[in-house]
Structure formats: C-alpha cells, structure tokens
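The block underneath contains the structure these notes are about, expressed in structure tokens.
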Amino acid sequence: DTGVSQNPRHKITKRGQNVTFRCDPISEHNRLYWYRQTLGQGPEFLTYFQNEAQLEKSRLLSDRFSAERPKGSFSTLEIQRTEQGDSAMYLCASSLAREWPQHFGDGTRLSIL
Amino acid sequence: QQQVKQSPQSLIVQKGGISIINCAYENTAFDYFPWYQQFPGKGPALLIAIRPDVSEKKEGRFTISFNKSAKQFSLHIMDSQPGDSATYFCAARGGFDRGSTLGRLYFGRGTQLTVWP
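Chains as they are written, first to last, in my numbering: chain L, 21 to 133; chain Z, 353 to 469.
Below, the structure written as structure tokens:
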C-alpha cells in the first residue's frame, strides 16, 4: 500500500508524559500536513511542511507541541507534558503540491489517562 | 470562528434515496472545495472536489453543486446505499494568512449519514 502511513495507531499515556507520533507520506509528496480531530468535529489544521521546512503553525499548536520533518521524508509530532485536552485523533496528510489533493492517513488516536 | 458551516449534523436516508449535505463559507479566497468520507477508525478519504469556476461536478453517484454568488456548495449522493453510511466532511482550501497562501484545509463539522436497507 502506498498511502500515508501513521504509527502508532493508538497511544494511551498518563497525563504529563511525552508522546511522539510518526507519519510517512506518500512517496514524492513534498507537502505534509498535521491535523487534529476531536470527537464529533472535523479535522483542524496544526502545521505543515514543504520538504523539510516547517512553513506554518496554527495557534492550536502550543509550545508543548513540536514537529519535524528531517530530510523532507517522514515527519514526527511530539507532545510534551500531555494534558487531558490533548486527547484526540492526530491525522497526517500529504500532497504533491499545494494545488494537488491532500491524502490522509488513518491517524493516531491519543488517549490521556 | 467556523470558516465552513455544514448541515445537517446527521441524516437518515432509505436505500435508493438521495442524500443531500450542504455547506457554506465566507472567505472568497478559498480556491478548492473537496468532500471527504470517513469511516469509524479511519482517516478521511477524498471523495470528490470542485473548483469555484465550475457549477457542478459529477462522479458516479456523487455530485457537487457549487453556487459561487451564494458561497454555498452541496454534495448529492444518488441511489444511496448502506455502504455509504459514514461521516461526510466538506472542506475549503486556501485563504491568506499574513500574506501567504497556506493550502491548509478548513473543514465543516461533519454529517453522519445512515442509509437504511
């Protein structure tokens, strides 16, 4: 399967712990986006990369969140000192360029105990 | 502020019927309007999309109608099937933030469609 791949699919952690998610985009897609989806809502934009450069961050992305995309391939999203409100589905999408459609992975569901 | 407003929140349709989901937006800088279908435990999957210079686009049983002057667009699912039962999201791309075109998608809150056999 050559779609967007996200790992892990589920993550359960205690409040205050750090977590890291990984996204492998579709090969040759130079744009990579992170979104967050809470229950009953549509996805909300967090940040995006063009190749290895992080070009924009949403106000939703507090300083506890950091994202990287070394070498312009896979990306990681880290949340430090997790809080109850961080419980959500974290979705990654990639596209060939801005004008092309965004294709989503199946997400990482984060549950904070 | 919700950039894309979607209705209804839930929809129940009989098999073979027509499902209609509506969306409205305000930002005239949006340049692309996709619809995504999402099943439980899965990510959104692109269904069909339209650009604002086109008033209608049809792909199989799925049709988007676009009214640029009213800033509204809708998804019509003809001959609805139980397998269409899912959550549908409309979205809009673009807009400008501090002078840059981001390409981010703004999503509606979703419509949970149930098709009864």
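Heads up, the beta-carbon is just placed ideally off N, CA and C, and yes, glycines get one too.
Per DSSP, the bridge partner or partners of residue i
i         : result
Gln389(Z) : Ala397(Z) and Tyr440(Z)
Asp44(L)  : Ser25(L)
Trp54(L)  : Thr67(L) and Cys112(L)
Residue i versus residue j: straight-line alpha-carbon distance, rounded
i         : j         : result
Gly62(L)  : Thr128(L) : 15 Å
Gln464(Z) : Ser115(L) : 26 Å
Pro404(Z) : Cys442(Z) : 14 Å
Ala397(Z) : Tyr55(L)  : 14 Å
Gln100(L) : Pro28(L)  : 17 Å
Ala108(L) : Pro469(Z) : 32 Å
Phe85(L)  : Ser93(L)  : 19 Å
Arg445(Z) : Leu133(L) : 35 Å
Local conformation of residue i per DSSP, three classes
i         : result
Asp405(Z) : coil
Asp106(L) : helix
Lys91(L)  : helix
Gly435(Z) : helix
Gln37(L)  : coil
Glu378(Z) : coil
Chain-order list of residues whose beta-carbon lies under 7 Å from that of residue i (same chain, five-residue window excluded)
i         : result
Ile400(Z) : Trp387, Lys409, Glu411, Phe414 and Ile416
Own chain, CB closer than 8 Å to residue i, minus 5 neighbours either side, in chain order
i         : result
Asn419(Z) : Ser407 and Phe425
Close beta carbons around residue i, own chain, < 6 Å, minus the five adjacent residues each side
i        : result
Phe41(L) : Leu97, Tyr110 and Thr128
Segment contact flag, the region 365 to 374 of chain Z with the region 115 to 133 of chain L, C-beta cutoff 8 Å, min 3 pairs: Taking 8 Å as the limit for Cβ pairs, the verdict is that the region 115 to 133 of chain L does not touch the region 365 to 374 of chain Z.
Segment contact, 8 Å Cβ cut-off, at least three pairs: the region 355 to 362 of chain Z with the region 402 to 411 of chain Z: No: fewer than three Cβ pairs fall under 8 Å.
Touch test, the region 421 to 428 of chain Z against the region 103 to 119 of chain L, Cβ-Cβ under 8 Å, three pairs minimum: Not touching, per the Cβ criterion.
The region 81 to 100 of chain L contacting the region 48 to 67 of chain L, beta-carbon criterion three pairs below 8 Å: The answer is yes - the region 48 to 67 of chain L touches the region 81 to 100 of chain L, with three or more Cβ pairs under 8 Å.
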